[in-house]
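Here is the structure we will look at, set down as C-alpha cells.
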Amino acid sequence: MNKALQTISFTVNGSPFTTQVGPGTMLLDLLRGSLGLTGTKEGCGEGECGACTVIVDGMAVNSCLYPALELQGRTLLTIEGLSREPGQLSLIQRAFVDEGAIQCGFCTPGMIMKAHALLLRNPAPGEREIQDALLGNLCRCTGYVQIVRAIRRAAEAGQEPPANVRERQHE
Ligand code: FES
Ligand code: FES
Numbered sequence: 202m203n204k205a206l207q208t209i210s211f212t213v214n215g216s217p218f219t220t221q222v223g224p225g226t227m228l229l230d231l232l233r234g235s236l237g238l239t240g241t242k243e244g245c246g247e248g249e250c251g252a253c254t255v256i257v258d259g260m261a262v263n264s265c266l267y268p269a270l271e272l273q274g275r276t277l278l279t280i281e282g283l284s285r286e287p288g289q290l291s292l293i294q295r296a297f298v299d300e301g302a303i304q305c306g307f308c309t310p311g312m313i314m315k316a317h318a319l320l321l322r323n324p325a326p327g328e329r330e331i332q333d334a335l336l337g338n339l340c341r342c343t344g345y346v347q348i349v350r351a352i353r354r355a356a357e358a359g360q361e362p363p364a365n366v367r368e369r370q371h372e
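Numbering (my numbering), first residue to last: 202 to 372.
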C-alpha cells in the first residue's frame, strides 16, 4: 500500500465519490482518469488557458492546478453535470450552439463552466463583466464575440441550475 495516498470523499455532479489520491495528483488527472469525465479538456496544463475549468463549491477553478486532495468534502460540477437530463443540452450549452460560439470546440467546456460560475454569482452580467470573467479563458479559434453573445443570451433566458446538483456558494 502506498502510504502517500489519502482517501478523499466529495460530490461530483450530484453523486458521492470516494477515492485515493497522492499529493501530486491534480483534479484534471482525476477527472479524465479514474472518474472518466473527459469533457474537461487539457490545454496548457499550466493555468494559462482555462480549457480545464470546472466549478468547486460554486467557484470556477483551473483543474490542472487544483490539487485533488483539496476536494475533500467539497462539491464539484463539471461540464457533464450541467444538463438536466442525459443527452440534453443545458440552457447555456444551447445558447453556445444557437450563437455559433463553437468552432473547434476545444475551449468550449471551459468557457461554459466559467460562464456558468459567472451566472451563479451574477444572473444579469453586463458585457464588460462577461468579458472580464473570460479573461483567463483562451479561444485559439478567436470566437470571442459569439461566446460573449451566447453568455448574454443565456443570461437573458434565465440561469437554470442543474436539477441534480446542489450548488454551495464559496464562503
Ligand atoms: S489546461 Fe488548465 S489552464 Fe490550461
Ligand atoms: S472554439 Fe476552438 S479553441 Fe475555442
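Heads up, the beta-carbon is just placed ideally off N, CA and C, and yes, glycines get one too.
This structure is a prediction, so every number in the text was calculated from the model and none was measured.
Item	Value
C-alpha distance - residue 364 paired with residue 207, whole-angstrom precision	Residue placement at residue 364 is poorly supported in this model, since its pLDDT is 43, which falls under 50; the coordinates still yield a value, given next. Going from the Cα of residue 364 to the Cα of residue 207 covers about 31 Å.
Nearest residue (CA-CA) to residue 300, options 237, 279 and 354	354
Cβ-Cβ separation, residue 263 to residue 248 (assumed contact under 8 Å), whole Å	5 Å
For residue 309, the nearest candidate out of 323, 293 and 321 (CA to CA)	293
Residue 166: first and last residue of the uninterrupted alpha helix (DSSP H) it sits in	Not covered by the structure: residue 166. The range shown for the chain is 202 to 372.
Cβ pair count under 8 Å reaching 3, the stretch 232-246 against the stretch 322-329	no
Rounded distance between the beta-carbons of residue 312 and residue 335, thought under 8 Å	7 Å
Residue environment, residue 203, which counts as buried when at least 16 other CB atoms sit within 10 Å	exposed
Inter-stretch contact at 8 Å, needing at least 3 Cβ pairs: the stretch 266-284 / the stretch 339-354	no
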